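Those protein sequence lines, which keep their order, are chains H and P. Note that UniProt numbering gives residue 180 to position 180 of the first sequence, counting from 1, and the numbers run on in steps of one. Note that UniProt numbering gives residue 151 to position 151 of the second sequence, counting from 1, and the numbers run on in steps of one.
Number of protein chains: 2
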Amino acid sequence: MAIRERRERERQERERLIVGAARELAEAEGWDAVTTRRLAEQIEYSQPVLYSHFKGKDAIMAAVAVEGFAELAAELRTARTSAAGPQAALAAAAGAYAHFAETRPVLYEAMFTNAVDLTFASPETPAALQEGFGELREALRPLAGDDDLDVRTEVLWAGLHGLMTLTRGGRLRPEGHQRRLARLLQGFNA
Amino acid sequence: MAIRERRERERQERERLIVGAARELAEAEGWDAVTTRRLAEQIEYSQPVLYSHFKGKDAIMAAVAVEGFAELAAELRTARTSAAGPQAALAAAAGAYAHFAETRPVLYEAMFTNAVDLTFASPETPAALQEGFGELREALRPLAGDDDLDVRTEVLWAGLHGLMTLTRGGRLRPEGHQRRLARLLQGFNA
DNA sequence: CTCCCATATCTAGCAGCGCTAGCAAAAGGA
DNA sequence: TCCTTTTGCTAGCGCTGCTAGATATGGGAG
């Protein structure tokens, strides 16, 4: 019976290989370059193998996105907990969010632009997503006024997300990034 | 020589037909359904005709997006100028922005998610875009503090954009929309 | 009125896409 | 050693954006 276990291990390893190849290819040449044929060639298997692991290409991208959510949450946590004082913690978390979106644009794209069917309600997926949201909330909690903390968190998140996507789309002046970030936080420190 | 003019007129009319067909098809079945073949069939011409008007499918989508920017700017202006008082004007403009994104999601998608090569610097395109930005700025001007008006406008825009895209992606609780909008504006009224 | 040429438009096809049916090969169990 | 199940492959379908080359159309000159 140990044979089944070995097979299952090899299978999971290959799944990791697929997700890793998709991420590498996307980060190197953009998501348009991630085709099932190139992916298959990269992992040295034929195309149909991909479909024995994932329902389709979207599911592979979603798997990459989930990786991204986990990393984002981890980096938010590190930034928040290693800052001195509530204001600094909030600034650090916001800065970490911006840094993540800037340095991993392709990952960010998979997380927020492409992965449409990666919602809150699903059983497994959104653990990392909600964890990231939770980090922002904890950064805001010490500064919370009398209004609902969740609402504040959502608005902060939206502000950060909007800044990053508009900047990336060339809609905002690139040089004003720090000032915008500071102005956004100004609305939450009070 | 009037023949050339008539031909040019017919040509522009057909171009309008293409853009209109693309928009209708997108609004009816989503952007994935907008293929060059279906577009050609809709306007009752063959596929290559499309390429005598636009460089490619992206350019057609960009033309639809430009239409969207013009409409958004007009609606922002109406909302802003028909409100009584600065606070109400800002709230009206923000509400109009949200209403636009909610009721014309496909158009909004073309404007902000797809049209990548629709930047600020181009000569013709962004007139409508900057006009919309200008409307938000004018809504903020009466409430401006001592910090830069452009920065405030960019942050407000980012907040609105972030709220709408996150909501549409199923990342925010749908029922909290009004509270989030109010909380966002709270950061600009003060 | 006829012919010519330029313009306008179409037919047909290329390379690539996501995805899958059906066959071949490998490997575990009797 | 043979059988059966699992595993992976080859080949192909219908679609995509886009284009080369052939064909039809229609205004201007003789």
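Each residue gets a CB set at the ideal place from its N, CA and C atoms; glycine is no exception. Small disclaimer: the values here were computed from a predicted structure and weren't measured.
Cβ pair residue i, residue j closer than 8 Å
i	j	result
H:Met-164	H:Ala-110	no
H:His-161	P:Gly-162	yes
H:Ala-40	H:Val-34	no
P:Leu-181	P:Ala-94	yes
P:Val-106	P:Gly-30	yes
H:Arg-37	H:Gln-47	yes
P:Pro-174	P:Pro-86	no
From the options, residue whose alpha carbon lies closest to that of residue i
i	options	result
P:Leu-72	P:Arg-171, P:Leu-181, P:Ala-101 and P:Leu-143	P:Ala-101
H:Thr-81	H:Leu-185, H:Glu-10, H:Arg-171 and H:Glu-138	H:Glu-138
P:Ala-92	P:Leu-129, P:Thr-113 and P:Leu-136	P:Leu-136
P:Leu-184	H:Leu-129, H:Glu-175 and H:Ala-158	H:Ala-158
P:Ala-144	P:Ala-83, P:Leu-172 and P:Gly-187	P:Gly-187
H:Ala-127	P:Arg-171, P:Ala-74 and P:Gly-85	P:Arg-171
P:Asn-114	P:Asp-32, P:Glu-8, P:His-177 and P:Arg-173	P:Asp-32
H:Asp-147	P:Gly-176, P:Leu-90 and P:Arg-11	P:Gly-176
H:Ala-26	H:Tyr-108, H:Gln-87 and H:Glu-131	H:Tyr-108
H:Gln-178	H:Glu-5, H:Ala-96, H:Phe-133 and H:Gln-130	H:Ala-96
P:Thr-78	P:Gly-132, P:Tyr-45 and P:Phe-112	P:Gly-132
P:Leu-140	P:Asn-189, P:Leu-129 and P:Glu-13	P:Asn-189
H:Glu-15	H:Tyr-51, H:Gln-130 and H:Glu-5	H:Tyr-51
Contact list for residue i against chain P, beta-carbon separation under 7 Å
i	result
H:Thr-113	Thr-113
H:Glu-172	The sequence shown places Leu at residue 172 of chain H, rather than the Glu named in the question. Ordered by position in chain P, the residues that pass the 7 Å Cβ test against H:Leu-172 are Glu-154.
H:Leu-163	Ala-158
H:Gly-30	By Cβ distance, chain P contributes nothing, its closest Cβ being about 11 Å from H:Gly-30, past 7 Å.
Proximal chain H residues relative to residue i, where beta-carbon distance stays under 7 Å
i	result
P:Thr-36	Residues of chain H passing the Cβ test: none, with the nearest at roughly 17 Å.
P:Ala-147	The displayed chain sequence assigns Asp, not Ala, to residue 147 of chain P. Residues of chain H passing the Cβ test: Arg-183.
Chain P residues whose Cβ lies nearer than 9 Å to that of residue i
i	result
H:Val-19	Correct list: empty, because the minimum Cβ distance to chain P is about 21 Å.
H:His-99	What H:His-99 touches in chain P: nothing, since even the nearest Cβ is about 17 Å away.
H:Leu-166	Phe-112, Glu-154, Trp-157, Ala-158, His-161 and Gly-162
H:Gly-56	None at all; the shortest Cβ gap to chain P is about 14 Å.
Inter-residue CB distance, residue i and residue j (contact presumed, cutoff 8 Å)
i	j	result
P:Arg-104	P:Gly-56	Wrong, their Cβ atoms sit about 24 Å apart, outside the cutoff.
P:Leu-76	P:Ile-43	P:Leu-76 to P:Ile-43, Cβ: 31 Å. No contact.
H:Leu-118	H:Ala-65	6 Å
P:Ala-74	P:Ala-83	That belief does not hold up - the Cβ atoms of P:Ala-74 and P:Ala-83 are roughly 15 Å apart, past 8 Å.
Within chain H, the residues that residue i reaches when beta carbons sit closer than 8 Å
i	result
P:Ala-151	Checking the sequence, you will find Val at residue 151 of chain P rather than Ala. Here the neighbours are Gly-176, Arg-179, Arg-180 and Arg-183.
P:Gly-134	Simply none; closest approach about 14 Å.
P:Gly-68	Going along chain H, no residue has its Cβ under 8 Å from P:Gly-68, so there is no contact; the nearest lies around 14 Å.
Any non-hydrogen atom of the ligand ADP closer than 7 Å to residue i Cβ
i	result
P:Val-19	Among the ligands in the structure shown, none appear at all, so the ligand ADP cannot be discussed.
Closer than 9 Å at the beta carbon, the chain H residues around residue i
i	result
P:Gly-169	Phe-112, Thr-113, Ala-115, Val-116, Leu-118 and Thr-119
P:Gly-85	In chain order: nothing, as chain H lies at least about 21 Å away.
Residue i: contacting residues in chain P (beta-carbon distance under 8 Å)
i	result
H:Ala-94	Per Cβ cutoff of 8 Å: no residues; H:Ala-94 is ~12 Å from chain P at best.
### Query
Quick check: the segment 146 to 157 of chain P against the segment 165 to 185 of chain H, are there 3 or more CB pairs under 8 Å?
Segments in contact, yes.
### Task
Mind the definition here: the segment 50 to 66 of chain P touches the segment 19 to 30 of chain P only if three or more C-beta pairs lie below 8 Å; say whether that holds.
Taking a cut-off of 8 Å for Cβ pairs, the segment 50 to 66 of chain P and the segment 19 to 30 of chain P touch, as three or more such pairs fall below it.
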